[in-house]
Amino acid sequence: MWTIIHKMGSPPWFFRFSGTLVRWLLPITIALLLVGAVWGLLVAPPDFRQGNSYRIIYIHVPAAVVALAGYYVMALAGAVSLIWRIKMADITMRAAAPVGAVLTAIALVTGAIWGKPTWGAWWVWDARITSMLILFFLYLGVVALFEAYENKTAAARACAVLSLVGTVNIPIIYKSVDWWYSLHQPASLKLTGESAIDSSMLYPLLLMILAFYCLFALTVLLNMRAELVWAHRESSWLKQLAGGA
Amino acid sequence: MYFESLSAMWHMDGHGIYVWLAYALTAIPLALTVWLPIKRIRQHWRWLEAEQRRVAPAASRTVNEAGV
Amino acid sequence: MTLLQASQVGIERGDRQLLIEVSFSVRGGEIWQLVGANGVGKTSLLRALAGLARLGVAGDIQRHASVLYLGHASALKLSLSALDNLRCHPACDVTASQERIASALEKVSLAGYEDRPVGALSAGQQRRVALARLLLSEAPLWLLDEPFTALDAAGCDWLEARIREHVEAGGATVFTSHQPSRFGALQQDLDLTQYVA
Amino acid sequence: MTLLQASQVGIERGDRQLLIEVSFSVRGGEIWQLVGANGVGKTSLLRALAGLARLGVAGDIQRHASVLYLGHASALKLSLSALDNLRCHPACDVTASQERIASALEKVSLAGYEDRPVGALSAGQQRRVALARLLLSEAPLWLLDEPFTALDAAGCDWLEARIREHVEAGGATVFTSHQPSRFGALQQDLDLTQYVA
Amino acid sequence: MLPDSPLLSLHAAFTRQFVRHMRSLMASPADVANPLLFFFMVVTLFPLGLGPDPDRLATIAPGILWVVALLASLMVSAKLFASDFEDGSLEQLALAPYPLAVLVLAEVAAHWLTTGFLLALVSPLFAIMLGLPEQGLSTLVASLLFGTLCLTLIGAVGSALTVSIRRGGLLLSLLIIPLNVPVLIFGTTAVTEAVIGGNPESWLALLAGLALGSLALTPLAIGAALRVSLDS
Amino acid sequence: MLPDSPLLSLHAAFTRQFVRHMRSLMASPADVANPLLFFFMVVTLFPLGLGPDPDRLATIAPGILWVVALLASLMVSAKLFASDFEDGSLEQLALAPYPLAVLVLAEVAAHWLTTGFLLALVSPLFAIMLGLPEQGLSTLVASLLFGTLCLTLIGAVGSALTVSIRRGGLLLSLLIIPLNVPVLIFGTTAVTEAVIGGNPESWLALLAGLALGSLALTPLAIGAALRVSLDS
Ligand code: HEM
Ligand SMILES: Nc1ncnc2c1ncn2[C@@H]1O[C@H](COP(=O)(O)OP(=O)(O)OP(=O)(O)O)[C@@H](O)[C@H]1O
Ligand SMILES: Nc1ncnc2c1ncn2[C@@H]1O[C@H](COP(=O)(O)OP(=O)(O)OP(=O)(O)O)[C@@H](O)[C@H]1O
Ligand SMILES: [Mg+2]
Ligand SMILES: [Mg+2]
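Protein chains in written order, with my numbering: chain A, 1 to 245; chain B, 1001 to 1068; chain C, 2001 to 2197; chain D, 3001 to 3197; chain E, 4001 to 4232; chain F, 5001 to 5232.
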């Protein structure tokens, strides 16, 4: 166990390993996304209540689910980097933030687009939607803080502190938004609840969720590799790789 | 295939505009999040190779180890 | 007695390696002047010695005594008077009575300016307020970044005398300055040019 | 040709009269150094000469030429590069091409630092960026407040040479400094101690 | 030595100053995005504070959007001349051989373009989130365009007056909030009229008039105030 | 030479730091009054923006008061460590032979006393202006007391993270507004419950818990963030 963690902490090893991983992940992700999208868009039957607009679910839900998971990945990496000072951890954190922000934005935008035909409004202040919006701000905060620092080592430290503070807060934020929503008890709206979803619609959804997880892993790895190449441009192992020794 | 024709697929009983818009607004940023780091890696890699060529002009080119 | 020990210190700023393998040790009674052209890394090294900079600092720095650091910024609140500024210094190393502070201010020729907001003093006078701390702190190791800046001739002489006094009492001083050596045989120069990466 | 004429100038700051009846005139080809202890009023007088301070300034100050003023603060935007800082200087007196600015920066030994944010330069390097303006401006009358501060020996020499060149071309310089006179017979000292109120 | 005269035309000096400021603003795109984000986030605070009921939110939306725009403009104008004052740029501006009012107008223009103007352009997004009826959107944009121009100019006067005062930020709010009240009233009334199908044009015209008036008068006031600040 | 050990107890160091900060805040009483005035003026903007209908104002009063309190705290925390950073005090703090977290807590405490605490005390005045029913007043004060403490501590984390960044003011809002959401929700809910005769105590207890939690955890984060800022 420890040896694996130590290996992961070693840039040369990670660089090689992630190179292999990326070469496999890239085609797999693209294939999964294409199959899932075609299945969801063209093959699956329409929902009996919402008609065809429900097809947005195949991007909306995966984006939302992965965005949520992404914050925990980021915060965990931040904690590891702060406590154990493992450099790879803060590179992970930094690589995850923009991807998470994009996925959150996608969940928000597709949700808004879905809302128009379904509720007749682009936006409502539902508990889950509001939490998602706040998550978006949290992601943006990490990205913006990182960009604002000129010294990137310091930037990584600062982001680690921020994402940790954010993580401690996330359960509180979620709970409070839930209470807020249930207290005000809006009469008019209701998200499609736990309606039993037909398996003909479920399989493409599960496929897309898997595809988005792969996509998340892929983009995080790519961002990390970009970061590594630049950070270690002076070190011999990378020069050797580049020089073709 | 659920739809009978291309235009039915495009129209989706009036919801087409929403569905296609949503997919487009997803596809573009996702493509960018994959493409931008790849571009950056390639740039950095080219810089590194140039640097190596300056240091050791004799070294021959090899496979693209950038991984993408 | 060794007050400060730097071994193989390397300094990196903004992705550029400035200095490598700086090693020296400062003992009680010594005066060290960091010399080198603009931008060589004097301030960066001094901050590393004080423990303010850690990112980008390689090697090992050991401090065996408490430190009085005086940087470019003087840590003065411009809206407070000189008295108040010294009484509640943020480093908490000034623990003197009102009278002792007033007499320190007198020694730096600021008698009569004790109660004015520091913001209404001239550049040199503000510097003098900051330097009054040298009379009030107990720290044995002084790290001073361009302490002679903005002082007139009398001020420079006073500062020189104060540093001599301090090292005679067993303290040590590391300072930067672009002016020629003031302490003659008493001082040692650390020319950073030779450590440039 | 008289570039600046001060007659019976009195300076008051914060309800206290600092200087009275300062009279002198600066002509093309002259170098004036304002001398005096810390707090005597050098900066205040220089700002009055530049026209920046008016309240509390008595007497008559006439400027017959455009002025280049360089104060303690260097008017640099720390987030901009040296090039950008000089290209769009707020005083609008720098009207040079990219190449001329780059070559001016080279002359102040900042080649290679043109495109870095000025905030990531050392104290002396920032000062040099500000001083590069002396190579780009056309103003005949230079008013410089402690221009030698933070510069290393080479920088001071460069500045000295630049001022000599300027006055040889018919310009004039009034500056303050606590360092001993650098220009020998070429310079005139205005000792403010004799005008203290 | 070259002839001792201003080397640039007034117009060129204005442009130069404008470019300088734009460049320094653009040096970090985050700075441009920040006021928009601030607007966005503060708008989201209101549903959290007031409850999610869409009908109630829709009725108060014009007021909330306008108050938040005013606050956003307040927060950014607090900084308008602060860095120029601290780093000595203001001294240099005052010594330049051009009217201070013109140079300052260039800075304010650059500032408005990157804050108020952008804010007006993206405001429909936030309006939709608060459920503002769609017929109010175009009026909202127009009113914010004129309105933020007034707010920025008035904010600049306040900033110029308080720039030499340490911790002047909040004092500034006190000085300029009362001056901004007419802008706020005209702006919200215009939007409300548009929503209920009334006549927003006359209110928009009033706002445009205010903007023109400020454009003509405030630069002089700003210049004078800056000179006072430098001299203290 | 005297013995080389901290000469003050931790407690004395805390007190000294607290006094220093209080003194510098008190050096201009206007600075203390400013956040209150800001609160006052922004609260008056709402009737102007939303129309003067008293019933409507009363129902939204808790939300508005709380949102404005949050904004006021945001504006003041932006400055919390700014001047300490610029004038070098922060370097000296970091070199002091005491835990940075303790010294920083002293500053934050002084800061809160002169802003949040005072604001909570005078808030009934503004509440009455907005027509908040009287049974809500005591809960408002209590909720603001706990709430502003949280807001100040969270604001201090944000301020510490952004202090070395030029023009960090608005970035700060981005960082801390999301973290402040629970405080806002608990606060407004407590006041609303009190007004409708419900059960505000549990919400107040939640707020108090948040305040205690922040008091225990944020000083460490602030200290760590300040060291990063100094080191950048
Ligand atoms: C801007 C608007 C919206 C946002 C931010 C949003 C956000 C989310 C989030 C965060 C999830 C994941 C929940 C989880 O994994 O626990 C989710 C799931 C879901 N959303 Fe949305 N949503 C929005 C609009 C909509 C609309 C308009 C609909 C359909 C009418 C919708 C239908 C669903 C469904 C069916 C799920 C998955 C099933 C479930 O977990 O309940 N959403 N949404
Ligand atoms: N803002 C101010 N308000 C009131 N008095 C001031 C202010 N600034 C400076 N003074 C006072 O005016 C006097 C002259 O200040 P000035 O800055 O001109 O001195 P100086 O000769 O330049 O000194 P130095 O050599 O220290 O730079 C000082 O005694 C100072 O206390
Ligand atoms: N914040 C920063 N970020 C990146 N690089 C910096 C930063 N500050 C300084 N540098 C660079 O580090 C080098 C050393 O700076 P430092 O301030 O230590 O020099 P110095 O020897 O004190 O010079 P001076 O005599 O001008 O004060 C300079 O070349 C400078 O460009
Ligand atoms: Mg230095
Ligand atoms: Mg002076």
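For glycine and all other residues, C-beta sits at the position ideal for the given N, C-alpha and C.
Supposed close pair residue i, residue j - CB separation, criterion 8 angstroms
| i | j | result |
| --- | --- | --- |
| A4142 (chain E) | F4018 (chain E) | Actually they do not touch by this definition, with Cβ atoms about 24 angstroms apart. |
| A4156 (chain E) | V4108 (chain E) | 5 angstroms |
| L2136 (chain C) | L2086 (chain C) | 7 angstroms |
| G4063 (chain E) | G5049 (chain F) | 3 angstroms |
| S5229 (chain F) | A5160 (chain F) | 6 angstroms |
| V2108 (chain C) | W2158 (chain C) | 7 angstroms |
| C2092 (chain C) | Y5098 (chain F) | 6 angstroms |
| A3154 (chain D) | E3114 (chain D) | With 8 angstroms as the limit, A3154 (chain D) and E3114 (chain D) do not qualify as a contact, their Cβ atoms being about 19 angstroms apart. |
Cβ neighbours of residue i in the same chain (closer than 6 angstroms, five flanking residues each side left out)
| i | result |
| --- | --- |
| A101 (chain A) | Y139, L140 and V143 |
| I2031 (chain C) | V2167, T2173, F2183, L2186 and Q2187 |
Residue i classed as buried or exposed, judged by whether at least 16 other C-beta atoms fall within 10 angstroms
| i | result |
| --- | --- |
| Q3194 (chain D) | exposed |
| V38 (chain A) | exposed |
| D2152 (chain C) | buried |
| H2072 (chain C) | exposed |
| I83 (chain A) | exposed |
| L34 (chain A) | exposed |
| N5199 (chain F) | exposed |
| I5128 (chain F) | exposed |
| L3054 (chain D) | Checking the displayed sequence, the identity of residue 3054 (chain D) turns out to be Arg instead of Leu. Exposed, because fewer than 16 other Cβ atoms sit within 10 Å of the Cβ of R3054 (chain D). |
Contact with chain B by residue i, beta-carbon distance below 8 angstroms
| i | result |
| --- | --- |
| L205 (chain A) | no |
| G51 (chain A) | yes |
Cut-off 7 angstroms between Cβ atoms - residues of its own chain near residue i, not counting five sequence neighbours on either side
| i | result |
| --- | --- |
| R2013 (chain C) | S2044 and G2056 |
| Q2126 (chain C) | S2074, L2076 and V2118 |
| A107 (chain A) | H60, A63, A64, A67 and M132 |
| T219 (chain A) | V99 |
| L5070 (chain F) | L5151, N5180 and L5184 |
| G4209 (chain E) | none |
| T104 (chain A) | A67, M132, L135, F136 and Y139 |
| S4237 (chain E) | Since the first residue of chain E shown is 4001 and the last is 4232, residue 4237 (chain E) is not available in this structure. |
Short CB-CB distance (under 8 angstroms) between residue i and chain C
| i | result |
| --- | --- |
| E147 (chain A) | no |
| H3072 (chain D) | yes |
8 angstroms Cβ cutoff, residue i in contact with chain E
| i | result |
| --- | --- |
| V168 (chain A) | no |
| K3077 (chain D) | yes |
| S5005 (chain F) | Summary for S5005 (chain F): the model assigns pLDDT 46, below 50, so the residue's position carries little reliability; its value from the coordinates is reported in the next sentence. Not one chain E Cβ lies under 8 angstroms of S5005 (chain F). |
| L138 (chain A) | no |
| L135 (chain A) | no |
| L5050 (chain F) | yes |
Chain-order list of residues whose beta-carbon lies under 8 angstroms from that of residue i (same chain, five-residue window excluded)
| i | result |
| --- | --- |
| G2184 (chain C) | none |
Any C-beta of chain A under 8 angstroms from that of residue i
| i | result |
| --- | --- |
| A4030 (chain E) | yes |
| A1022 (chain B) | yes |
8 angstroms Cβ cutoff, residue i in contact with chain D
| i | result |
| --- | --- |
| R4016 (chain E) | yes |
| D2152 (chain C) | yes |
| G4223 (chain E) | no |
| G4088 (chain E) | yes |
Chain F within 8 angstroms of residue i, Cβ atoms only
| i | result |
| --- | --- |
| C2198 (chain C) | What is shown of chain C runs 2001 to 2197, which leaves residue 2198 (chain C) out entirely. |
**OP:** Inspect the CB distances between the region 150 to 168 of chain A and the region 113 to 129 of chain A and report whether three or more fall short of 8 angstroms.
**Re:** no
Original post:
Using 8 angstroms as the threshold, is the region 5172 to 5183 of chain F in touch with the region 5042 to 5060 of chain F, meaning 3 or more CB pairs across them?
Top reply: no
Original post:
Hey, is the region 2160 to 2177 of chain C in contact with the region 3017 to 3026 of chain D, meaning 3+ C-beta pairs nearer than 8 angstroms?
Top reply: no
Original post:
Counting pairs of beta carbons, one from the region 1015 to 1035 of chain B and one from the region 207 to 224 of chain A, are three or more of them closer than 8 angstroms?
Top reply: yes
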